[in-house]
Each structure stands twice: as structure tokens, then as C-alpha cells.
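In the UniProt record's numbering, the protein residues as written are 1 to 382.
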């Protein structure tokens, strides 16, 4: 009933949940219909539809083919929103026989795709800006040499032939696009960071790239009004560099989880959490800490060294205790923990990828365990 209303503007009602999302001073409450991840993508899609109408109307009113083309670009942004929504919804699905670890890495695939789109957009914009600069340079060279202006340099309508009202239409549409896209960037990035969603954060940077493109349009219109048409391609080149850098960073950020790359500080956070753990009776040490990305969290593998006489039931209880401790107290978001149980031998040496592994044993001296040692008790807990 009334509790499922969609509050886009104004304060939330007294019964609104404490996790209601905010966008600046405006409150966006869509969790009544869907989770915040889906809601922010739906809001972005709705905003893109709104911008298509605004830009198309402004382009037709100002007789600006560039503004109409920008409206078509906003229409294509709906594809990016659809891909992001697909990745977010897929990553939230339960594990299945075909996907025993879930579909968390679909978000990384989405991030790689958006990174490629940004890089391609930067290259396309760079070519367009180069063509504009070439036109201006040829016209300037012809003026200095006293020769007729080449036909290729006469490609755009002079500012003097464009009415102030037409400039106002185009400038207003560009400013509306800039504000909307920047607000979408901030809201989407906030939700993506809170959810640990790579797809949402990548889509947020896509919104920021559109905002920067609107900056170029604003600068170009102002430069045209001031008689300095070269300002547009110069600002465009700066934006190209920013888009290219952002696209590469997003793409590499998506590739790293796909190849199971983990930052050192993430492993260190898991190890610090293990140091605070009081090991159950019969468990001497935790070692062989490994991790990889699984959606918005980490999939952690850890080995515990137990007495060879420890009953299997006690070893399983110990592994479950360690699993719960990591999920509840680790600084990093943990999606899953697998604990391997092996026999404790104080003269062994533990090696991981050719490097000595740290062993945590309730504050007692570090022990080492020989590779290839056999276990009397072996199991896992997820």
C-alpha cells in the first residue's frame, strides 16, 4: 500500500528504514521495490531516457546535429545500464551445479566490457577532436599565408550565424546532462562501494565519462560565443586523456579478479584477523592462507594444523569456529571460507608458491612444516 511508495524527492516518512539511500540532499528510497543495486541501475536507465528527450529537443530547437548525436549516445548508454543490471542480478543468484562458486565474476566481466567501451570512446573522441583541430589549423595557416581557406576548413556554421537562443538551448541541455550524470556517478559509486560491486563502480565511472563529455560541450559552446572555437578541441583532448586512463584502470580492475589476483593488503587483513583468533583445543596453528575474489568478497582458503589424535568431529567444529571468526571480524568482506585440516608436526616446513608461509599459533613461536607431509585428519568446511 502506501508503504511501497517511491520517494524520489523530499524527506522520507517516519517509518523509512535506516539504510535509505541519499543523493545529495534528496532522498531516493527504492528498496521497497528492489534492492539498492538494482534500484540505482534502474534510476540511471530512467535518467538516460530523460536525457535522450532533453538533448533531442534541444538539438532540434537549436538545429544542432551534434546535440542530436549526443542524444543517440545517451540512448546507447541504456545498453551499458542493461549489461550492468544483468551482471548485478547474475552475481546475486544462488550457486548451482553449473556454477558451484556462484556468478560473482560476472561483475568483473562487466567491468572489463565497460573499460573497453571507455577506451573506445576516448579513441573516438580523440579522432574527432583531432579533425576539429586540423580544420582550425588549416584555416589559421591559410589566413597567415593569404591563401583561400580550404573547403575542408569550412565545415561548421560560424558563431555569428547562430542565434543566442540556439546557443542557450544547447548550453542548457549540456548543463542538465552534466548535473544529472555527475549526480548519477556519485550515487552509483556510493552504492557500488557499499555493496563491493565492481559492475556498479564501473558503471559509475561510465556516468562520470558522460559528465566529462558534457563539460566539453559546455566549454565548446562558451568558446564559440566568445569567438574562440579552438577551446572545444583543446578541452576534448584533456577529456580524452582522462577517459583513456579511467578505461584502462577499470579494465585492469576487472581482469585482476578473473586471473585470481589479490592485493597484498587484502591477504594481510586476513592474516591479522587470524592473529586475533584463540585456537580451539587440539589446534596448534593456522597456515597456508590464500584468497581470491568471489563477487563482492573474498574466497579464503586456510589450513589448520591439529593433533593427529583429534577426533574428526572436534576438527570440524574447530574449522567452523575459524570460518565464523573470519567472516565476522575480518576487515575485508569474506564471501566464503574453506578450512583444510592437516596433522600438526612441529618440524615441518610450509611452502606456498615457493615462499615460506606465516603460521599463527596462539602467540607461541613460529613452527614450520615439511612439504608433502601426510594428514590423518583432512576435511573442509564452507
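Ideal placement from N, C-alpha and C gives every residue a C-beta, glycine not left out.
Keep in mind it's a predicted model, so treat the numbers as computed, not measured.
Query	Result
Out of 262, 86 and 52, point me to the one whose CA is closest to residue 70's CA.	52
Can you name the start and end residues of the alpha helix (DSSP H) that residue 202 belongs to?	198 to 225
The beta strand (DSSP E) spanning residue 306 covers which residue range?	297 to 306
Figure out for me which residue from 184, 304 and 223 has the closest Cα to the Cα of residue 210.	184
Can you list, in chain order, the residues of its chain with a C-beta nearer than 8 Å to that of residue 198? Leave out the 5 residues immediately preceding and following it.	107, 108, 110, 111, 192, 253, 254, 257 and 296
Consult DSSP for residue 262 and reduce its assignment to one of helix, strand or coil.	coil
Considering Cα atoms alone, identify which of 48, 172, 306 and 321 is closest to residue 344.	306
Counting beta carbon pairs with one atom in the stretch 131 to 150 and one in the stretch 256 to 270, are three or more of them shorter than 8 Å?	no
Per DSSP, what are the beta-bridge partners of residue 343 in this structure?	306
Report all residues from its chain with a CB closer than 7 Å to the CB of residue 334; omit the five preceding and five following residues, and keep chain order.	297, 298, 300, 326 and 327
To the nearest angstrom, how far is the alpha carbon of residue 368 from that of residue 341?	Caution is warranted here: a pLDDT of 36 is assigned to residue 368, below 50, making its placement in the model unreliable, and the coordinate value is therefore given only provisionally. Their backbone Cα atoms lie some 16 Å apart in a straight line.
Should residue 81 go down as buried or exposed, given a rule of 16 or more other Cβ atoms within 10 Å for buried?	buried
DSSP state of residue 331, grouped into three classes?	coil
Hey, how far is the Cα of residue 104 from the Cα of residue 281?	36 Å
Can residue 200 and residue 38 be called in contact, C-beta distance under 8 Å?	no
Quick one: what's residue 120 bridged to in DSSP?	In the DSSP output, where bridge partners are listed per residue, residue 120 has none listed.
Just to confirm before moving on: does the CB-CB distance between residue 337 and residue 317 stay below 8 Å?	no
Does DSSP classify residue 277 as helix, strand or coil?	coil
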